[in-house]
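S.K.: The numbering used here puts the first residue of the sequence shown at 184, with every later residue one more than the last.
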Amino acid sequence: MSGKKVKTIAIYGKGGIGKSTTTSNISAALAASGLKVMQIGCDPKSDSTTTLRGGGYIPTILDTLREKKNVKVDEVIFRGFGGIYCVEAGGPAPGVGCAGRGIITSVELLKQLRVFEELDLDIVVYDVLGDVVCGGFAVPVREGIADHVFTVSSSDFMAIYAANNLFKGIQKYSNNGGALLGGVIANSMNSDYHKAIVDDFVEVTQTQVVEYVPRSVTVTQSELQGKTTIEAFPDSEQAKVYRALAERIYNHNDSKVPTPLNDKQLHEWALKWADTLLAIETGEVRSSGASI
Numbered sequence: 184m185s186g187k188k189v190k191t192i193a194i195y196g197k198g199g200i201g202k203s204t205t206t207s208n209i210s211a212a213l214a215a216s217g218l219k220v221m222q223i224g225c226d227p228k229s230d231s232t233t234t235l236r237g238g239g240y241i242p243t244i245l246d247t248l249r250e251k252k253n254v255k256v257d258e259v260i261f262r263g264f265g266g267i268y269c270v271e272a273g274g275p276a277p278g279v280g281c282a283g284r285g286i287i288t289s290v291e292l293l294k295q296l297r298v299f300e301e302l303d304l305d306i307v308v309y310d311v312l313g314d315v316v317c318g319g320f321a322v323p324v325r326e327g328i329a330d331h332v333f334t335v336s337s338s339d340f341m342a343i344y345a346a347n348n349l350f351k352g353i354q355k356y357s358n359n360g361g362a363l364l365g366g367v368i369a370n371s372m373n374s375d376y377h378k379a380i381v382d383d384f385v386e387v388t389q390t391q392v393v394e395y396v397p398r399s400v401t402v403t404q405s406e407l408q409g410k411t412t413i414e415a416f417p418d419s420e421q422a423k424v425y426r427a428l429a430e431r432i433y434n435h436n437d438s439k440v441p442t443p444l445n446d447k448q449l450h451e452w453a454l455k456w457a458d459t460l461l462a463i464e465t466g467e468v469r470s471s472g473a474s475i
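#1: Do the segment 443–454 and the segment 374–391 touch if we need at least three Cβ pairs shorter than 8 Å?
#2: I'd like the span of the alpha helix (DSSP H) that includes MET341, first residue to last.
#3: Specify the secondary structure class of GLN448 as computed by DSSP and reduced to three states.
#4: Within a Cβ cutoff of 6 Å, which residues of the same chain sit near VAL424, ignoring the five residues on either side of it in sequence?
#5: Mind checking who GLU271 pairs with in its DSSP beta bridge?
#6: With contact counted as at least three CB pairs below 8 Å, one residue from each stretch, are the segment 324–337 and the segment 293–301 in contact?
#7: With a 10 Å radius around its C-beta and 16 neighbouring C-beta atoms as the bar for buried, classify LEU235 as buried or exposed.
#8: Starting from LYS190, trace the beta strand (DSSP E) both ways and give me its first and last residue.
#9: What residue range does the beta strand (DSSP E) around HIS331 cover?
#10: For ASP246, collect the residues of the same chain with a Cβ closer than 8 Å to its Cβ; drop the 5 residues on either side in sequence, then sort them by chain order.
#11: Ignore the nearest five residues each way along the sequence and tell me which others in PRO441's own chain have a CB closer than 8 Å to its CB.
#12: Roughly how far, in whole angstroms, is the beta-carbon of THR205 from the beta-carbon of ILE368, given that I think they are within contact range, below 8 Å?
#13: At the level of alpha carbons, what is the spacing between GLY265 and ALA211?
#14: With DSSP as the reference, label SER474 as helix, strand or coil.
#15: Alpha carbon to alpha carbon, how far is GLY239 from LEU248? Give it in angstroms, no decimals.
#16: ASP508 by DSSP, collapsed to three states: which one?
#17: In terms of alpha-carbon separation, which member of VAL189, TYR195 and THR191 lies closest to ILE343?
#18: Mapping the DSSP letters down to three states, classify ALA369 as helix, strand or coil.
#19: So ILE413 is in the beta strand (DSSP E); what residue range does that whole segment cover?
#20: Rounded to the nearest angstrom, how far is the Cβ of SER229 from that of THR243, given a contact under 8 Å?
#21: Skipping 5 residues on each side, what residues in its chain have a beta carbon closer than 8 Å to that of GLY285?
#22: Span of the alpha helix (DSSP H) holding TYR425?
#23: Does the distance from the C-beta atom of MET221 to that of VAL335 stay below 7 Å?
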């Protein structure tokens, strides 16, 4: 049994922002580099690890526990691309219970089974729904389970809103041993104004962009095959971006407490950008952002 320190990160993001796509490509890139990786899906949809396993779904921890009291390791942990250990926390039956409960239960079970020690892992990646940072969803932050937290965000307001809420949670728990923020993964960055909005947001919240990830049809093609871009198109430009992101995240050690905006500040910040984009669109402002 290894006594090495296992690096643990949590990647948050609102539903539909590309969080699981990004997370799985990070895991795939790390595994392809020779590291032992575990990815734990913490979304009730239980689809975090599908592209690591040819598009197939796996039994969730909550579903398995509902069927039997004593669970074995091979009933909840499955191998995927590059030998990645894939786990899905799962969620409650529709309309019943807390969706975040799966994270709490999963962490407890995996600790009981001693998988973090026995599997000799290099890194554990939690893929966490970030629309609401409450209860179980806040566990990786609140309990300090993750060494570092990252959030996937586009320039869309609801993605920024979700990221800002995550920052509030990190700030709240930072004095009690909670995980700190590594930075923002800027997704769907296909124009200067997309980057400018995210750059401004990280500046006012005193954090940083870890990587700019462009929107690419390569990702769509890969997922239609049930694969990550790293597996399906390893020599593509998009794969190069994911490998650079994975390397930055694995080597990241300096996380900080962000400075989230309050509701009034966020509203004013959004209105400023609304006015700016309207001015660009109507030709009142001439800049590289006029491509919108």
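Glycine included, each C-beta is placed from N, C-alpha and C at the ideal position.
M.R.: On the basis of the coordinates in this document:
#1: yes
#2: Counting from one through the sequence shown, the residue named residue 341 turns up at place 158. Its alpha helix (DSSP H) spans residues 340–356.
#3: Taking the sequence shown and counting its residues from 1, the one referred to as residue 448 is at position 265. In the structure shown, GLN448 sits in a helix (DSSP, three-state: H, G or I).
#4: Working through the sequence shown from its first residue, we reach residue 424 at position 241. Excluding residues within five positions, the ones whose Cβ falls inside 6 Å are VAL396.
#5: Translated into the one-based positions of the sequence shown, residue 271 becomes position 88. For GLU271, which the question treats as bridged, DSSP gives the partners GLY224.
#6: no
#7: Taking the sequence shown and counting its residues from 1, one reaches residue 235 at position 52. Label assigned to LEU235: buried.
#8: Position 7 of the sequence shown holds residue 190. Segment 190–196, the beta strand (DSSP E) holding LYS190.
#9: Taking the first residue of the sequence shown as 1, we reach residue 331 at position 148. That run of the beta strand (DSSP E) goes 331–336.
#10: The residue you call residue 246 lines up with position 63 of the sequence shown. For ASP246, where only same-chain residues beyond five positions count, the Cβ hits under 8 Å are GLY273.
#11: As a position in the sequence shown, residue 441 is number 258, starting the count at 1. Contacts found: PHE350, ILE353, GLN354, LEU364, THR388, GLN389 and THR390.
#12: For this step, residue 205 is matched to residue 22 along the sequence shown. For this step, residue 368 is matched to residue 185 along the sequence shown. Their Cβ separation, rounded to whole angstroms, is 6 Å, which keeps THR205 and ILE368 in contact under 8 Å.
#13: Numbered from 1 along the sequence shown, position 82 holds the residue referred to as residue 265. Numbered from 1 along the sequence shown, position 28 holds the residue referred to as residue 211. Cα to Cα, GLY265 sits roughly 7 Å from ALA211.
#14: Counting from one through the sequence shown, the residue named residue 474 turns up at place 291. The predicted position of SER474 is uncertain, since its pLDDT is 45 and thus under 50; a value taken from the coordinates is nonetheless stated next. The answer is helix: DSSP assigns SER474 an H, G or I state.
#15: One-based indexing of the sequence shown puts residue 248 at position 65. One-based indexing of the sequence shown puts residue 239 at position 56. Rounded to the nearest angstrom, the two C-alpha atoms are 20 Å apart.
#16: In the structure as shown, the chain starts at 184 and stops at 475, and residue 508 therefore has no counterpart that could be examined.
#17: Taking the sequence shown and counting its residues from 1, the one referred to as residue 343 is at position 160. That would be TYR195, whose Cα lies nearest to the Cα of ILE343.
#18: Within the sequence shown, numbered from 1, the residue matching residue 369 stands at position 186. The answer is strand: DSSP assigns ALA369 an E or B state.
#19: Residue mapping note: residue 413 aligns to position 230 of the sequence shown, counting from 1. Counting along the chain, ILE413 falls outside any beta strand (DSSP E), though it belongs to the alpha helix (DSSP H) covering 412–415.
#20: As a first step, residue 229 is located in the sequence shown; it is residue number 46 there, counting from the start. As a first step, residue 243 is located in the sequence shown; it is residue number 60 there, counting from the start. So it is a contact: roughly 5 Å between Cβ atoms.
#21: Taking the sequence shown and counting its residues from 1, one reaches residue 285 at position 102. Closer than 8 Å at the Cβ level, and outside the excluded window around GLY285, lie CYS225, PRO227, THR243, ILE244, LEU245, ALA272, GLY273, GLY274, PRO275 and GLY319.
#22: Walking along the sequence shown from the start, residue 425 turns up at place 242. 420–434 is the extent of the alpha helix (DSSP H) around TYR425.
#23: Translated into positions along the sequence shown, residue 221 becomes position 38. Translated into positions along the sequence shown, residue 335 becomes position 152. Cβ atoms of MET221 and VAL335: not closer than 7 Å.
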